[in-house]
Every structure is written in C-alpha cells, then in structure tokens.
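Read the structure below first, then the notes.
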Amino acid sequence: MSKFTFETTPRVICEIDGALRLGALCRELNAERVLLVSDPGLLRAGLLDAPINAMRDSGLQVTLYSDVQADPPVACTSLYNVTC
C-alpha cells in the first residue's frame, strides 16, 4: 500500500433540515464554488434539491457530479488497489 495522509473535517453537524444551512456554512468558510458529489439515486429521489438550492440562494456556484456508483462492489476497490 502506498503511504498517504488523510484528514477529515474538524466538525460534523447533524440536525433536522441542516441542509438548509449549507449555504451559510459554506460562506463561513469563504467558499465561492462547491462541488457536490453524489450517486444518481439521491439525485432521482430529489434529496439534493434542498442543499443545492440553499447553496445557490447564498450566491454559491454549485457543480453537481452524480456519476458515482452507490455501494460499489469489492471489485472496484480491488481495481483501485492495483492502480495505486
């Protein structure tokens, strides 16, 4: 395995309708552009509408990438390990 460093967020926010605050939270970080990564199922279910609208209403430029495979099979991780 190749050496790497992983750092994650210093805080996690979990609250009812928390997605509606995403625009304000991104602005606190001085963000101007957001890349939202999801799978097609969440997009089809309409679960991304509220967060996307909240961010756009805050003046953020939102780019959606929804070509992620939900629950990828083990073969995907095996392929990843071969290419690393």
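For what it's worth, the numbering used here labels the leading residue of the sequence shown as -10, then goes sequentially. Every residue, glycine too, gets a C-beta built ideally from N, C-alpha and C.
Can you tell me where the alpha helix (DSSP H) with residue 25 in it begins and where it stops?
-> Here residue 25 belongs to no alpha helix (DSSP H); instead the beta strand (DSSP E) covers 22 to 26.
Kindly give me the distance between the Cβ atoms of residue 28 and residue 57, rounded to whole angstroms, as I take these residues to be in contact under 8 Å.
-> In this structure, residue 28 and residue 57 form a Cβ contact; the two beta carbons are roughly 5 Å apart against a cut-off of 8 Å.
Excluding sequence positions up to five away, which residues of its chain have a Cβ less than 8 Å from the Cβ of residue 15?
-> Within the same chain, residue 15 has close Cβ partners 23, 44, 47 and 49.
What residue from -9, 40, 61 and 30 has the CA that sits closest to residue 7's CA?
-> Ranking -9, 40, 61 and 30 by CA distance to the CA of residue 7 puts 40 first.
Minimum C-alpha distance to residue 30 - residue among -2, 2, 4 and 59 | For residue 30, the nearest C-alpha among the options comes from 59.
Name the one or two DSSP bridge partners that residue 50 has.
-> According to DSSP, which records beta bridges pairwise, residue 50 is partnered with 22.
Would DSSP call residue 61 helix, strand or coil?
-> DSSP places residue 61 outside both helix and strand once states are collapsed to three, so it counts as coil.
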